[in-house]
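Some notes on the structure that comes next.
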Amino acid sequence: MNTSASERTGRSDADRIAAGFDEIDAQAVTTIRMLAADAVQAAGSGHPGLPMGAAAPAWVLWSRFLRHDPGDPGWPDRDRFVLSAGHGSMLLYALLHLFGYDLPLEELRRFRRRGSRTPGHPEYGCTPGVEVTTGPLGQGLANAVGMALAERMLAARLNVDEHTVVGHRTWVLAGDGDLMEGISHEAASLAGHLGLGRLIVVYDDNDVTIDGPARKTCRDDVLGRFAAYGWATSRVRDGNDVAAVARALARAATDDTRPSLVAVRTTIGDGAPTLAGSSTVHGRPLGEAELAAAREAAGWPAEAFFVPEAVAARCRRLAARGREERRAWERRRAAWIQAHPDVAAGWDLSAPPPPPGRLELPVFEPGTAMATRTASGAVLAAIGPAYPGLVGGSADVASSTNSTIAGAADVRPDAFGGRTLHFGIREHAMGAMLNGLALHGGLRPYGSAFLVFSDYMRPAIRMAALMRLPVIFIFSHDSVAVGEDGPTHQPVEQLESLRLIPGLTVLRPADANETAACWRIALRSTGGPVALVLSRQDLPVLEPVRDDAIARYGARVLRDSTWPPEVALVASGSEVALALAAAEELSERGVGVRVLSVPWRERFEEALESHAKLLPDCPAVWVEAGVPQGWRALARPGDAVVGLRRFGVSAPGDVVYRELGFSVPAVVGAALAKVRAREASEEETCRTS
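Be aware that the sequence shown starts at 5, since it is given in my numbering, and climbs by one per residue.
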C-alpha cells in the first residue's frame with residue numbers, strides 16, 4: 005500500500021514522541037492519581053474514578069502536546085484544554101498544580117471547600133488555567149467546537165503572508181456521559197462538516213457510568229459514529245500504554261483537515277485495589293483503607309498530597325518550554341504588527357471585542373409599521389460595517405429571524421473568513437458553540453432561533469450567564485401572535501422562563517425604535533449574555549427612545565394624562581400597541597391613563613425602588629401574552645394582570661390574540677373594573693371616616 009509523505013512524516017514524528025518516556029513519567033501518572041484520591045478523601049465527596057483512570061493519557065497530552073505557559077494562562081495563542089467530563093475536576097487541578105499554575109497544594113487540600121480555587125466542577129474565572137465552566141455533560145465538548153471554530157476564523161483573518169499569530173489546537177477530554185448527551189451529536193456533526201482539524205477529543209472510554217457499566221444503556225459504535233460525521237478516528241486499547249497514546253495523539257495532531265477522536269480504553273479508579281473498574285469509584289471517596297492499599301500497591305509514601313521532587317522538577321522544565329514557546333509567539337506577533345499594522349489594529353485576541361464607541365443606529369419613522377425582527381435586521385446591517393468582530397448566525401432560520409449581517413460572507417469548510425455562521429437545526433449545540441466562541445476571545449458572537457425553541461438552548465444560556473459571557477441570543481416569533489403554526493410554536497412560558505436565569509438580560513422591545521435601543525444595550529453588555537425577544541408580526545413604530553430611558557429605567561412613558569392618571573397600562577413588546585389602543589378608548593371615556601412600555605423588566609423592577617413615580621399611585625393593568633407569574637410579583641393590591649394561563653391555538657394571529665383575551669375591550673374592561681373598585685373603596689372610606 006502506498007503511503008503519502010504527510011502520513012510518513014506523521015508516523016515518524018509519532019514514533020519519536022513515543023520513544024521518550026521514562027520512570028519519571030510513570031511517577032507523574034501515579035502522582036496525579038494519588039493527588040486526586042487524597043483530595044476527594046479530604047473533602048469527603050467528589051469523583052476519584054475519572055482522574056485515576058485517565059491520569060496516564062492526560063499526562064501524555066499535557067507533557068508532550070499541550071502548548072501552554074503557566075506563567076501566562078491567558079496567552080492568546082495557547083492551546084485550549086477542555087475537561088468536558090467536569091466531574092473529574094481533580095484531574096485538571098492536579099495537572100495545573102504540577103505544572104506551576106497559581107494553584108498551590110493548599111488549594112488541593114481545600115478541594116470543594118467554600119472559597120477555594122478548587123470547586124467541585126471547574127469554574128471559569130475561579131481557577132487559573134480553567135478555560136470553561138464544565139458541569140452539565142456535553143457542554144464542554146460543544147464549547148470546544150466553538151473554540152476551535154474561533155481559532156480557524158481568526159487565523160483566516162489575521163495570518164498574513166508568512167506571519168502566523170493564530171495557530172493553536174483545542175484539546176478535549178470527554179467521557180461516556182459527554183458522548184451520550186444529545187448535544188455531542190449536534191456539535192460533532194457540525195465540527196465534522198466544517199473540517200475543524202485542530203480539534204482533538206480524547207475519549208476516556210472506561211465503560212462505566214453512575215448506575216453501572218455504560219453498555220447497560222449504550223452500545224454505540226462511537227468510532228463509526230464519529231467517522232460518519234467526517235472525523236478522523238483511532239483507538240488505543242490500553243490507556244496505560246503511554247507510547248501508544250502518544251503515537252495516537254501525534255497522528256491526530258498532523259490532521260488539519262478533520263477533527264479527531266482518539267478513544268482510549270481506561271479503567272475507572274485505576275490503582276484502587278478492590279474498587280477499580282466499578283461504578284462505586286465514580287463518585288465517592290475511596291475510603292481510608294482502600295486509599296492506604298492503593299498507596300501500598302503503588303509503592304507510594306503514606307503522606308497525603310505527596311509530590312516527588314523528580315516529578316516537580318520535570319514539570320518545571322516542561323513549563324519553561326511553554327514559556328519559551330509563548331515568547332517566540334510574542335516575537336512573531338511583534339513582527340506581524342510591524343508588517344501589517346492595518347490588520348493588527350483593533351484585534352484583541354484575548355477577549356471578545358467591545359463595540360465601537362460611536363455607533364449610528366437607524367431611526368425609524370413613527371406612524372409606520374414594522375416587525376421588530378425586521379427592525380433588528382436593519383440594525384444589524386448598520387452595525388456590521390463598524391463592528392468587524394461581530395459574528396453569528398442562526399439555527400437554520402436566518403431568513404425568519406433576520407439575523408444575517410448584510411453582505412457578510414458565509415463561514416464554510418476551508419473558508420473561515422466570513423461572518424455568517426450556519427449552525428443547521430442544532431439549537432442546543434449552537435448555544436454552547438456561541439459560548440465557546442466568546443470564551444476563546446477575539447470575536448463577539450450572536451445566534452438566533454425562535455423563542456419557543458429557546459428551551460433547546462436553555463442549558464447553554466444558563467452556562468453563558470454563569471460564566472458572564474457577552475453572547476447575544478436573538479429570539480423571534482415572540483408570542484401567540486405566531487398564529488397558524490399553532491400551540492407547538494406559540495411561546496407562552498419561555499419569556500418568563502428566561503427572566504428567571506440570574507445574570508441574563510432579557511429585552512423585549514415594543515417597536516422598531518425600541519429594538520435599536522435594545523441592540524445598543526446588548527452591545528454594551530460585555531459582562532453577561534443578552535436575549536433579544538422580537539415579534540414576527542408588524543407593530544406600530546413609536547417615537548424614538550430619548551435620554552437612554554430603557555437603559556436607565558428599563559421602561560419609558562409613551563402616553564400620559566394631563567391630570568393625575570387614574571389607571572396605568574404597563575406592557576412589554578407586542579402588547580404595548582394594544583395598551584396604547586386601549587388607552588385611546590379609555591381617554592375618550594374620560595379616564596386619565598399613563599402607558600408604560602417595559603422592554604427590560606428586571607431593570608424596571610430595580611428602578612421602581614429609587615424612582616417610584618414611574619408607576620403612579622393608581623391601579624395598574626399589566627399586560628403580556630405569556631404566563632403572568634412574574635408580573636403578579638410586581639402587581640400591587642388593586643392591580644390587574646392580563647396574561648395567559650393556557651397554551652395557544654392554531655388560527656391567524658389576530659384571532660388567537662382576541663380569543664385568548666388580548667383585545668382592546670378586554671384591557672379596557674380590566675382597567676375600568678379597577679378604576680371603579682378604587683373609586684368605590686375611596687367612597688366607602690369617606691363614609692366611614
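We put the beta carbon where it would ideally sit given N, CA and C, even for glycine.
**Study point:** 8 Å Cβ cutoff met for D73 and G446
**Key:** no
**Study point:** Where the beta strand (DSSP E) through R448 begins and ends
**Key:** R448 to F454
**Study point:** beta strand (DSSP E) runs contained entirely in the segment 459 to 499, provided each spans 3 or more residues
**Key:** 476 to 480
Practice item. Can you grab the Cα-Cα spacing for the pair E547 / N517, in whole Å? Key: 7 Å
Exercise for review: Sort A324, R223, E334 and S483 by Cα distance to L102 and report the nearest one.
Suggested key: A324
Practice item. Let me know the secondary structure DSSP gives D209 once reduced to three states. Key: strand
Point to revise | Delimiting residues of the alpha helix (DSSP H) encompassing G179 | key: Run containing G179: none in the alpha helix (DSSP H); it sits in the beta strand (DSSP E), T174 to G179.
Point to revise | Bounding residues of the alpha helix (DSSP H) (the contiguous stretch that carries D565) | key: It should be noted that the sequence gives Ser, not Asp, for residue 565. Careful: S565 lies outside any alpha helix (DSSP H) and carries neither H nor E.
Practice item. Have a look at A236, N163 and G275 and flag the residue whose alpha-carbon is nearest the alpha-carbon of D259. Key: A236
Check your understanding: Counting Cβ pairs closer than 8 Å, one from the segment 390 to 405 and one from the segment 441 to 456, do we hit at least three?
Key -> yes
Review point. Run through DSSP, which three-state label would A267 get?
Key: strand
Check your understanding: Going by C-alpha distance, which of R336, A47, P123 and F420 is nearest G199?
Key -> F420
Check your understanding: Does the Cβ of H172 have 16 or more other Cβ atoms within 10 Å, making it buried, or fewer, making it exposed?
Key -> buried
Exercise for review: Would you check if the distance between the CB atom of T35 and the CB atom of V240 is smaller than 8 Å?
Suggested key: no
Review point. Between the C-alpha atoms of G78 and M157, what's the straight-line distance to the nearest angstrom?
Key: 19 Å
Exercise for review: Mark L504 as exposed unless 16 or more other C-beta atoms lie within 10 angstroms of its C-beta, in which case mark it buried.
Suggested key: exposed
Practice item. Report the residue ranges of all alpha helix (DSSP H) runs contained in full by the segment 555 to 633; include only those spanning at least 4 residues, in chain order. Key: 579 to 592 and 605 to 614
Review point. Residues in its own chain within less than 7 Å of V597 by CB, not counting five upstream and five downstream?
Key: R563, S565, P569, V571, L573, A587, L590 and S591
Exercise for review: Can you have a look at G634 and say buried or exposed, based on whether 16 or more other CB atoms are within 10 angstroms of its CB?
Suggested key: buried
Practice item. Go through its chain and collect everything with a Cβ distance to G181's Cβ below 8 Å, but skip five positions before and after it. Key: A89, L141, G142 and T213
**Study point:** Local Cβ density within 10 Å of K678, reported as buried at 16 or more and exposed below that
**Key:** buried
Check your understanding: Looking only at DSSP bridge pairs, what is G396 linked to?
Key -> T424 and Y450
Review point. Measuring CA to CA, which of S193, T221, A254 and R255 is closest to G228?
Key: S193
Exercise for review: Return yes when the Cβ of A412 is within less than 8 Å of the Cβ of G388, no when it is not.
Suggested key: yes
Practice item. On a CA-only basis, which of S667, L584, M467 and V627 is nearest Y128? Give me that one, please. Key: M467
**Study point:** Nearest-angstrom beta carbon gap, L153 and M94 [assumed within contact, 8 Å]
**Key:** Contact doesn't hold; Cβ gap of about 29 Å is too wide.
Check your understanding: For I429, is the classification buried or exposed, using 16 other Cβ atoms within 10 angstroms of its Cβ as the cut-off for buried?
Key -> exposed
Exercise for review: Name the residue from R650, A306, V625 and G630 whose alpha carbon lies nearest to the alpha carbon of R640.
Suggested key: V625
Review point. Any idea what DSSP makes of G287, helix, strand or coil?
Key: coil
Practice item. Assign N6 to buried or exposed, taking buried as 16 or more other Cβ atoms, counted over all protein chains shown, within 10 Å of its Cβ. Key: Only weak support is given to the placement of N6: the predicted model assigns it a pLDDT of 47, under 50, and the value that follows is read from those uncertain coordinates. N6 should be labelled exposed.
Exercise for review: Give the secondary structure of G75 by DSSP, where H, G and I count as helix, E and B as strand, and everything else as coil.
Suggested key: coil
**Study point:** Residues of its chain near V668, where Cβ-Cβ distance is below 8 Å and the 5 sequence neighbours each way are ignored
**Key:** L582, A585, A586 and E589
**Study point:** Assigned exposure category for S49 - 16 Cβ within 10 Å defines buried
**Key:** exposed
Practice item. Could you tell me which residues DSSP pairs with T408 in its beta bridges? Key: Per DSSP, none; premise fails for T408.
Exercise for review: Measuring alpha carbon to alpha carbon, tell me which of V268, D224, A232 and H344 ends up nearest N244.
Suggested key: V268
Review point. Where does the unbroken alpha helix (DSSP H) through T35 begin, and where does it stop?
Key: E27 to A47
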